[in-house]
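Here the working numbering runs 1 ahead of the position in the sequence shown, where the first position is 1.
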Amino acid sequence: MRNLGNSASATLNIPIWNWGTTHSRIKQGELRRNQAKLELSFAQRRFLGDLHTLYAEAETVHAELETLRQSAELAAESLRLTTLRYQGGESTVLEVVDAQNTLTSARNAYDDGQARYRVALANLQTLTGSF
């Protein structure tokens, strides 16, 4: 038997010069990373600004609620006193109607304040998640 022989060949392609493609890809990656860092930083600053704004709004509306509640209580007391004066003949029906209108307006303002407070809390909760 005769040995016909074995043969093997291999090719190794090592680019000595690739016209700057590798350097360009590295530079593009670095630029994308820097852009992502800038966008993240901007998003974080915007989030913190929104958080401070919404928190301040909720605090303001909450403080306003106490004033509106007191106003409604004073209007109710005014109506009670005006009604007593009317029953005693010292007041006109127009004064009673005015006191009723004042009480209605004060209660409506208080209800509006409660709605604004709940909306402010909902906005804050939307930004921060449930609490």
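Don't be surprised by glycine CBs; every beta carbon is placed ideally from N, CA and C.
DSSP state of residue i mapped onto helix, strand, coil
| i | result |
| --- | --- |
| N109 | helix |
| T127 | helix |
| T103 | helix |
| L13 | coil |
| G50 | helix |
| T22 | helix |
| N7 | coil |
| T61 | helix |
Cβ-Cβ distance between residue i and residue j below 8 Å
| i | j | result |
| --- | --- | --- |
| A107 | A76 | yes |
| A64 | Y111 | no |
| E96 | T83 | yes |
| L52 | L128 | yes |
| G130 | L69 | no |
From the options, residue whose alpha carbon lies closest to that of residue i
| i | options | result |
| --- | --- | --- |
| G124 | L55, V62, L41 | The residue asked about is misnamed: residue 124 is Asn in this sequence, not Gly. N124 has its Cα closest to that of L55, out of L55, V62, L41. |
| T105 | R33, N19, S79 | S79 |
| A57 | Y118, I15, G89 | Y118 |
Assumed close pair residue i, residue j - CB separation to whole angstroms, cut-off 8 Å
| i | j | result |
| --- | --- | --- |
| Y87 | V98 | Between V98 and Y87 the Cβ distance is about 10 Å, and since that is not below 8 Å, they are no contact. |
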